[in-house]
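First up is the structure itself, then whatever we jot down about it.
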Amino acid sequence: LIGILFALTLVQANVSTAQESVIYEDDWESLSEHTTPQWFRDAKFGIFIHWGVYSVPAFCDTSTYSEWYQYWCDTNAHGGLERRFHEENYGVDFEYHQFAPMFKAEMWNPAKWAELFRRSGARYMVITSKHHDGFCLWPSKVASEVRGYPWNSVETGPGRDLIAELFEACRGEGVRPGLYYSFMEWHNPLYEADKPRYVEEVMFPQVKELIQRYEPEVFWPDGEWDHPDTLWRSPELLAWIYNNASNSEELAVNDRWGRGLRGQVGDYSTTEYGSLGNSSGEGMRPDRPFEECRGIGHSFAFNRAEDYDIYSTRTECIRELIDLVSKGGCLLLDIGPTADGRIPVIMQDRLLAIGRWLEVNGEAIYGTDASPFAATPWGRATCRDDAIYLHVYEWPADDMLHVPGLLSPIRSARVLGGSGSDLEVSGAPGSWTIDLDPEHPAAHATVIRLDIEGAPRIDRSIRPDRDGLIMLTPDSARIKGVDMRVETRDGHRNLGWWSNVDDLASWTVTIPAGRYNIMIEEAIAPGSEGSKIDVKIPGGGSLRHAITESTGSWDQYRLVTLGEFELDSETTGDLVITCSYKHGDAVMNIRSIRIEPING
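So in our numbering, spot 515 of the sequence shown is number 518, and the numbers just go up one at a time.
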């Protein structure tokens with residue numbers, strides 16, 4: 004009897020809990036109460052998949068995305084490159100929708116895909132259920148009805164529910180499945196004629212069908228940028244999702260819900276090749292995680308025009324993951340399968356390389372927090388509780404690794420996947436040195452685990468190295484503004500896209516007393532010379548730099564001395580670089596700013 008009463012009490016408690024669960028209203032304030040799932044915060048690495056009808060032509064200018072093939076042809080983009088290719092290979096009268104029967108996926112094995120994702124170390128995947136061309140990878144009847152011809156993967160092409168098969172395979176491998184969905188559609192007659200009706204009769208039914216039928220653990224809307232959330236009725240749709248999804252508490256939803264909303268709504272923010280894109284200019288909310296999406300090549304969908312040099316190397320892929328996690332983010336790394344269902348071997352190679360590295364170093368990635376340091380000249384850092392992980396890219400020539408600004412005592416240090424022996428630690432709080440001599444650098448990045456006393460205590464200012472040089476890098480900059488961002492060009496990181504005069508970058512530095520030169524490593528393309536920048540020095544006034552000539556291109560750098568200054572005592576504060584006048588497309592690209600002591 005006691006057992007029965009106890010069981011009834013549990014049932015009543017569960018009913019009570021269900022009744023007290025949050026009911027979300029169709030407004031952003033209410034929707035912001037949805038909690039980002041902990042699994043997503045911990046995952047750090049996912050696979051993005053762009054696969055559809057556009058995978059048949061699989062062609063575009065290598066500066067852009069081949070999933071936009073239809074649009075490039077329609078608009079005669081890139082000097083007519085895609086249009087000429089289309090007419091020469093398929094004919095002037097060949098319509099885009101005629102590619103659908105050619106998208107057969109005859110070589111596709113979802114189990115092999117899922118196994119590869121697991122072996123890569125990815126914790127989730129997101130596949131394009133419908134891109135901007137409107138073709139659906141599930142049996143969406145409305146997709147075909149509104150167009151008047153078969154426009155889903157069951158009625159034409161593969162003859163299969165690609166979403167269902169891949170979801171089942173991924174769940175079997177422990178990889179959480181998610182869905183990308185485009186709000187807009189090219190060549191959809193209802194979208195072109197009456198967008199509110201399209202939202203009501205196509206978009207809402209499709210999204211609800213996807214949520215209820217497949218129970219995705221990530222929902223990734225896109226194609227929202229041309230119209231406000233009021234047209235898309237985004238708060239209404241998202242409230243329905245949160246209130247009706249069977250896995251609402253485990254569902255992570257992104258921020259792409261209407262013009263200007265990126266970084267402001269949803270469970271997490273999304274950047275794309277380092278850009279927040281169509282945002283309000285307010286930046287990303289610090290209380291939510293962010294996810295960066297990018298390809299292994301440049302295009303998201305497979306582009307046959309891309310050659311070997313366009314693809315990221317194994318090291319670049321692994322370091323991109325490390326870099327994003329060190330900033331508190333997550334990498335959604337894209338693959339573009341072929342129309343017959345194969346993942347190109349070079350993409351498989353990169354995913355497996357990431358997986359091999361994570362087998363050894365996964366504890367320094369999964370479930371970690373952002374780097375506690377302002378700058379780490381030898382690489383990146385992540386942390387968890389009382390452990391700090393140093394991701395070393397540049398192995399010191401003398402085997403002595405200096406850890407800047409760590410005030411916490413170090414209890415032990417060892418290399419993940421190394422000999423297992425503790426490394427010798429010397430120095431004092433704020434200036435620790437680790438002797439790496441017993442170990443050897445690992446491929447891609449060597450991870451050193453530091454066990455410290457308590458939570459990390461850090462002096463986050465950037466200080467001189469052993470030679471007295473203060474090196475300010477793009478990755479350690481705090482950026483404020485709309486356009487400026489950190490990018491990779493020719494294998495190097497730089498501050499680029501400085502096209503808005505109000506954008507600025509700053510670094511917190513500690514400069515000992517003495518005389519110094521300030522130098523900037525800059526690149527300016529022809530036509531953009533003539534801008535003026537100002538560098539504010541903590542405790543030392545400011546210096547103006549008038550750019551009189553170009554360096555030849557945005558990738559050709561020169562080191563320019565801006566001037567000198569002197570401090571009577573050690574000073575800590577912000578060095579800030581601003582633009583007082585912009586001429587041309589952008590101000591400059593910056594690879595580094597250097598504060599060098601003048602001896603004698």
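We put the CB at the ideal spot given by N, CA and C, even for glycine. Everything numeric in this text was worked out from a predicted model, so none of it was measured.
- When the five nearest sequence neighbours on each side are left out, the beta carbons in the same chain lying within less than 7 Å of the beta carbon of Y560 are those of E524, E525, A526, T554 and R594, in order along the chain.
- The DSSP-derived three-state label of A377 is coil.
- At the C-beta level, I52 and M128 come within 9 Å of one another.
- A Cβ-Cβ separation of about 5 Å places E532 in contact with I550 under the 8 Å criterion.
- Residue state for Y93 is assigned as helix, using DSSP reduced to three classes.
- G430 sits in a strand when the DSSP states are folded into three classes.
- Around the C-beta of V178, 16 or more other C-beta atoms lie within 10 Å, and the residue is accordingly described as buried.
- DSSP places I214 in the uninterrupted alpha helix (DSSP H) bounded by F207 to Y217.
- By the Cβ rule, the region 291–310 counts as touching the region 57–67, because three or more pairs are nearer than 8 Å.
- In this model, M287 and N257 are separated by some 12 Å (Cα to Cα).
- Around the Cβ of M591, a 10 Å sphere holds 16 or more other Cβ atoms; the residue is buried.
- Secondary structure note for G382: its beta strand (DSSP E) is the uninterrupted segment G382 to R387.
- Under DSSP, Y392 takes part in a beta bridge, and its partners are T385 and R452.
- The criterion of a C-beta distance shorter than 9 Å is satisfied by A516 and E573.
- DSSP places G471 in the coil class of the three-state scheme, outside both helix and strand.
- The beta carbon of D232 sits closer than 7 Å to the beta carbons of P238, W260, G261 and L264 from its chain, once the five residues preceding and following it are set aside; these are given in chain order.
- Using a Cβ-Cβ distance cut-off of 8 Å, the region 69–87 and the region 109–129 are not in contact, since fewer than three pairs of beta carbons, one from each stretch, lie closer than that value.
- Put simply, the backbone Cα of I357 is about 22 Å away from that of V221.
- Only residues of its own chain outside the window of five on either side were considered, and among them T65, G300 and H301 have a CB closer than 7 Å to the CB of I313, listed in chain order.
- Around the beta carbon of F97, fewer than 16 other beta carbons lie within 10 angstroms, which makes this residue exposed.
- Assignment of V129 by DSSP, reduced to helix, strand and coil, places it in the strand class.
- The residue among L182, Y276 and V512 with its C-alpha nearest the C-alpha of R492 is Y276.
- Taking a 10 Å sphere around the C-beta of N497, we find 16 or more other C-beta atoms and assign the residue as buried.
- Boundaries of the alpha helix (DSSP H) around F120: P113 to S123.
- In its chain, beyond the 5 residues on either side, S132, S156, L165 and I166 have a beta carbon closer than 6 Å to the beta carbon of L140.
- A Cβ-Cβ separation of about 6 Å places W435 in contact with I413 under the 8 Å criterion.
- DSSP lists D577 as the bridge partner or partners of T511.
- By the criterion of a C-beta distance shorter than 6 Å, H548 is surrounded in its chain by I536 and L565, once the five residues flanking it on both sides are discounted.
- When the five nearest sequence neighbours on each side are left out, the beta carbons in the same chain lying within less than 6 Å of the beta carbon of R345 are those of M110, in order along the chain.
- Assignment of T491 by DSSP, reduced to helix, strand and coil, places it in the strand class.
- In the three-state reduction of the DSSP assignment, V145 falls in the helix class.
- Secondary structure remark: continuous beta strand (DSSP E) runs of at least 3 residues inside the region 270–305, in chain order: 272–275 and 293–298.
- Taken atom to atom, the span from the alpha-carbon of A242 to that of S282 is near 21 Å.
- Less than 9 Å divides the Cβ of S143 from the Cβ of E212.
- Here A446 is exposed: its Cβ has fewer than 16 other Cβ atoms, across all protein chains shown, within 10 Å.
- Here S415 is bridged, per DSSP, to D454.
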